[in-house]
Structures are given as C-alpha cells and as structure tokens.
Amino acid sequence: MGKASKELKGFINEIPDSSLNALPSNPGTIRKTTDFRLDMQGMTTDGKHNLQVQVNNGTTISTLKKVAPKTVAGPALVPSDGSWTAADIRAELLATILI
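Okay, here's the thing in structure tokens:
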C-alpha cells in the first residue's frame, strides 16, 4: 500500500499542534480530511486519551476503500497529564501505522 501509507503519514504529519495540545476528554473527531480522520475514542481506565486514525468511507484512495472505516494507525494512548508534546503524539501514531 505505497500510496495509502504515504498519504497516511502525510495526514499524521499535518495535524496541527493546536489539535494535539488540547485533547478532548470526550469521544469525537479531532481532525478530518476526505481520506482519514483522527478520532478520540475515549479515555482509558487509567486516564489516557485513546487516539486512532481511521479511514473515511468516502476515501478517494482505491486501496483503502475495502478497509474503511477501520483503524489504520493507533491506538496512541496519550497521558492526560500534558507530558506528551504534539511531536510525541505524532511519533506514536506514525509508530503504530497498520497499513
């Protein structure tokens, strides 16, 4: 999945710091494009943010259409104490790419 992986890495690297520095505690979408979305799945029992990148149903990347709406990066379990920077969160998402 060369193109899909490249596009996913681009999506993760383009998430603004402001979106990662103020994570919500409730589930919801943090950032969305045509192909991907960064979702906050909720808080874990030990108080970490469960972040995952998922494929959108309307993706334009043909190799991803069959995996939508599955998770393609994550989970990134981010401590709620503010100890992780936006760069730390991006690095964790990049390290957990599943495609």
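First residue of the sequence shown? That's 2 in this note's numbering, and the numbers climb one at a time after it. Note that beta-carbon positions come from the ideal geometry of N, C-alpha and C, so glycine has one too.
Notebook entry, point to check: Gly29 lies in the beta strand (DSSP E); which residues open and close that run?
Noted result: Gly29 to Lys33
Check: Taking the Cβ atom as the reference point for each residue, do Val79 and Leu9 lie within a distance shorter than 8 Å?
Finding: no
Item checked: Residue burial classification, Asp47 (beta-carbon count within 10 angstroms, cutoff 16) -> With fewer than 16 other beta carbons inside 10 angstroms of its own, Asp47 counts as exposed.
Next item on the list: Assign Asp18 to one of two classes, buried (16 or more other C-beta atoms within 10 Å of its C-beta) or exposed (fewer than that).
Entry: With fewer than 16 Cβ atoms within 10 Å of its Cβ, Asp18 is classed as exposed.
Notebook entry, point to check: Considering Ala5, what are the terminal residues of the alpha helix (DSSP H) in which it resides?
Noted result: Membership of Ala5 in the alpha helix (DSSP H) is indicated by the continuous run Gly3 to Asn14.
Item checked: Close Cβ partners of Asp40 (< 8 Å) along its chain, the five nearest in sequence each way excluded -> Pro28, Gly29, Thr30, Ile31, Leu52, Gln53, Val54 and Gln55
Item checked: Nearest neighbour of Asp36, chosen from Ile62, Ala96 and Leu95 [CA to CA] -> Ile62
Note to self: Once DSSP output is grouped into helix, strand and coil, what is the label at Asp18?
What the structure shows: helix
Item checked: Span separating the alpha-carbon of His50 from that of Glu15 -> C-alpha separation (whole angstroms): 20 Å.
Margin query: When you compare the CB positions of Ala5 and Thr64, do they come within less than 8 Å of one another, or not?
Written below: yes
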